[in-house]
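The block underneath contains the structure these notes are about, expressed in structure tokens.
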Amino acid sequence: MTPEEFDRKAEAALADSQLRRNFAFAMGSFITRRQALFSDPAETERLRSLGQAVKRRVLSRLPELLEELEANCRKNGIQVHWAETPAVGNRLVLDIIERHAATRVVKGKSMVSEEMHLNAFLETHGIEVVETDLGEFIIQLNGETPSHIIVPAIHKNKQQIARIFHEKVPGAPYTEEVTELNAIARRTLRRKFAEAAVGVSGVNFAVAETGTLCLVENEGNGRMCTTLPPVHIAVMGIEKVLEKMEDLPPLLRLLTGSATGQRITTYVNLISSPRRPGEKDGPHEVHLILLDNGRSRIFADPELRQTLQCVRCGTCLNHCPVYTRIGGHAYGFV
């Protein structure tokens, strides 16, 4: 994007009074909830220091921990693939889908898949991709990209969502009742869950010592994407690895508290294998795709390496004076 294009986008966003009202309404509650949860400054700083120490230790051993993760995942029956670039990652996902003759994929929310532009790639190859996170589902119906890494449709108000559902979901009545809007999405997505042969998800953390993938969520859709389809594909940036299971609780506390102001999310999913003999649910295949896409170059730079400590909680966005007024769409590629 050129500076001139950014200026035009920024000016249009600033002039959109509805957009600014939507952000002002939604962002204020994020800040309030986080402040209520992290009300003790000394305890908050102790927790942040602990999380920082965990991530620094991981980064000091990143190559060997990734190899340990790969070995333990494979020992558990998870198939591991390496992707240096988004193009390689996208091709890996498509190859797995085509190998199972699938034509539909259900997806949980994944920022790495956004980084890969996975949806657009699959759709050009005739694969229907259905976002199942409610916010992602809303913006997918409207042909948009996420506005926030935690709440993708935060720039939309109830009336705008009601119009999107009425216009884009066949047979959906116009309603501004939140429970009815949720019911419309639930009915639509349940059918997609039942019919999909492949589910795709992100990964919040992966534990090297046990070969375990951790996904946090509040809606249960992620669990449906990882458990119901016969094949589960998880895409993950290589910086999300942790050394051991005891590293997980403090980072979960920081992630969920900063992201949504919760002590813990409704669902914390720990996936260590495909379905085993005697188990009644779960996929028959689990694939983990480890994406580099420049992270190795960042890791090799002492000044940039600390950026890999980010857990993508989104709290920086919630406190950014620009973002809380007009959101991220004005930046285009960001």
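Residue numbering for the sequence shown follows our numbering, beginning at -5 and increasing consecutively. Ideal Cβ positions, reconstructed from N, Cα and C, are used throughout, including at glycine. Keep in mind that this is a model prediction, so the values were computed, not measured.
For residue 281, the uninterrupted beta strand (DSSP E) run begins and ends at 279 to 285, by DSSP. Burial of residue 309 is indicated by the presence of at least 16 other C-beta atoms within 10 angstroms of its C-beta. If you draw a straight line from the Cα of residue 97 to the Cα of residue 192, it comes to about 9 Å. The beta-carbon separation of residue 228 and residue 201, rounded to 13 Å, does not stay under the 8 Å limit for a contact. Under a 10 Å Cβ-count criterion, residue 128 is classified as buried, with 16 or more other Cβ atoms of the shown protein chains found around its own Cβ. With contacts defined by Cβ atoms closer than 8 Å, residue 281 and residue 132 do not form a contacting pair.
Taking residue 75 as the centre and dropping the five residues before and after it, the same chain places the C-beta of 86, 283 closer than 6 Å to its C-beta, in chain order.
Following the DSSP letters along the chain, one finds residue 154 inside the alpha helix (DSSP H) bounded by residues 152 to 162. Burial of residue 286 is indicated by the presence of at least 16 other C-beta atoms within 10 angstroms of its C-beta.
In the DSSP assignment, residue 75 falls outside any alpha helix (DSSP H) and lies within the beta strand (DSSP E) extending over 73 to 77. In this chain, the beta strand (DSSP E) harbouring residue 200 covers 199 to 201. With a cutoff of 8 Å on beta-carbon distance, residue 31 and residue 255 are scored as near each other. Counted as a single uninterrupted DSSP element, the alpha helix (DSSP H) harbouring residue 184 occupies residues 172 to 189. Relative to the Cα of residue 119, the nearest Cα in the group 64, 305, 99, 52 belongs to 99.
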